[in-house]
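To start, the structure itself, in structure tokens.
In UniProt numbering, the protein residues as written are 1 to 183.
Written as structure tokens, this is what we have:
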């Protein structure tokens, strides 16, 4: 294993240049996405305090997107409804999320982040941002801007393709299991 690498995340991707063929670029990107996913999983494992990644994802969607029904929250977070229901129960029990009747359909309920939930979300965001700032500190401002722009573009293209492939109401659980943090 090379010095400084995470076990199982060896650098095997060929050097990609502007002269590389589309297939080579796709293979290089695929290798880097797999490596990134493994590194992200290791990072999430280390950060499994205060509820873990599912808490962060669901709280983020409620804080950023506002009150939602569980079905809408599941679709917004690209998670399976059964996963969301289970996690929401835990969030409600811990006082991070509250349920209230849906004014448009009294049979259903809306989920809302409580003050404690908003504080937990802000804490998660501050921790994440501090770790990423430390990681990006040696990068040039241009490299940081390029990374954010290109990653945003990749995310948009992937989200569009995923939505098109699944269609409304499709099973989105498998998509998120591949990489679930979106905020």
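Where is the CB? At the ideal position from N, CA and C, for every residue including glycine.
Q.
Please return the same chain residues whose Cβ sits closer than 8 Å to the Cβ of residue 95, not counting the five positions on each side in sequence.
A. To locate residue 95, count along the chain shown from 1; it is residue 95. Excluding residues within five positions, the ones whose Cβ falls inside 8 Å are 114, 116, 117.
(Q) Can you look up residue 67 in the DSSP assignment and give me helix, strand or coil? (A) Residue mapping note: residue 67 aligns to position 67 of the chain shown, counting from 1. When secondary structure is reduced to three states using DSSP, residue 67 falls in the coil class, being assigned neither helix nor strand.
Q: Per DSSP, which residues does residue 185 bridge with? Please list them.
A: Summary: the structure shown does not reach residue 185, with the chain confined to residues 1 through 183, and so no result is reported for it.
Q. Rounded to a whole number of angstroms, what is the C-alpha to C-alpha distance between residue 196 and residue 90?
A. What the structure shows of the chain is the stretch from 1 to 183, and residue 196 is not part of that stretch, so it cannot be assessed.
Q: Apply the 10 Å Cβ neighbour rule to residue 111 and answer buried if 16 or more other Cβ atoms are within range, or exposed otherwise.
A: The sequence position of residue 111 within the chain shown is 111, counting from 1. Residue 111 comes out buried.
(Q) Using only the alpha-carbon positions, how far apart do residue 33 and residue 106 sit? (A) Along the chain shown, read from residue 1 onward, the residue named residue 33 stands at position 33. Along the chain shown, read from residue 1 onward, the residue named residue 106 stands at position 106. Distance between the alpha carbons of residue 33 and residue 106: 44 Å.
Q. Going straight from the alpha carbon of residue 20 to that of residue 97, what length do you get?
A. On the chain shown, residue 20 is found 20 positions in, with the first residue counted as 1. On the chain shown, residue 97 is found 97 positions in, with the first residue counted as 1. One C-alpha to the other measures close to 49 Å.
**Q.** Reduced DSSP category for residue 105 - H, G, I as helix; E, B as strand; rest coil
**A.** Start at 1 with the first residue of the chain shown, and residue 105 comes out as number 105. Of the three classes helix, strand and coil, the one that applies to residue 105 here is strand, per DSSP.
Q | Length of the line joining the Cα atoms of residue 153 and residue 77 | A | Position 153 of the chain shown, counting from 1, holds the residue named residue 153. Position 77 of the chain shown, counting from 1, holds the residue named residue 77. It is roughly 19 Å from the alpha-carbon of residue 153 to the alpha-carbon of residue 77.
Q. In chain order, what residues of the same chain have a beta carbon less than 7 Å from the beta carbon of residue 119, not counting five sequence neighbours either side?
A. Your numbering for residue 119 matches position 119 in the chain shown. So no residue of the chain qualifies.
Q.
By alpha-carbon positions, which one of 64, 59, 88 ends up nearest to residue 70?
A. As a first step, residue 70 is located in the chain shown; it is residue number 70 there, counting from the start. Of the candidates 64, 59, 88, the residue whose Cα lies closest to the Cα of residue 70 is 88.
Q. Relative to the alpha-carbon of residue 122, which residue among 155, 161, 148, 64 has its alpha-carbon at the smallest distance?
A. Start at 1 with the first residue of the chain shown, and residue 122 comes out as number 122. Nearest C-alpha to residue 122: 64.
Q. By DSSP, does residue 231 sit in helix, in strand, or in coil?
A. The chain is shown from 1 up to 183; residue 231 falls before or after that span and cannot be answered.
Q: Counting only the same chain and skipping the five closest in sequence on each side, list residues whose C-beta sits under 6 Å from that of residue 84.
A: Counting from one through the chain shown, the residue named residue 84 turns up at place 84. Here the set comprises 70, 73, 74.
Q.
Given a cut-off of 8 Å on the beta-carbon distance, is the pair residue 144 and residue 136 in contact?
A. For the purposes of this step, residue 144 is identified with residue 144 of the chain shown, where counting begins at 1. For the purposes of this step, residue 136 is identified with residue 136 of the chain shown, where counting begins at 1. Contact: yes.
Q. Any heavy atom of the ligand FMN closer than 7 Å to the Cβ of residue 58?
A. Looking for the ligand FMN in the displayed structure turns up nothing, as the structure carries no ligands at all.
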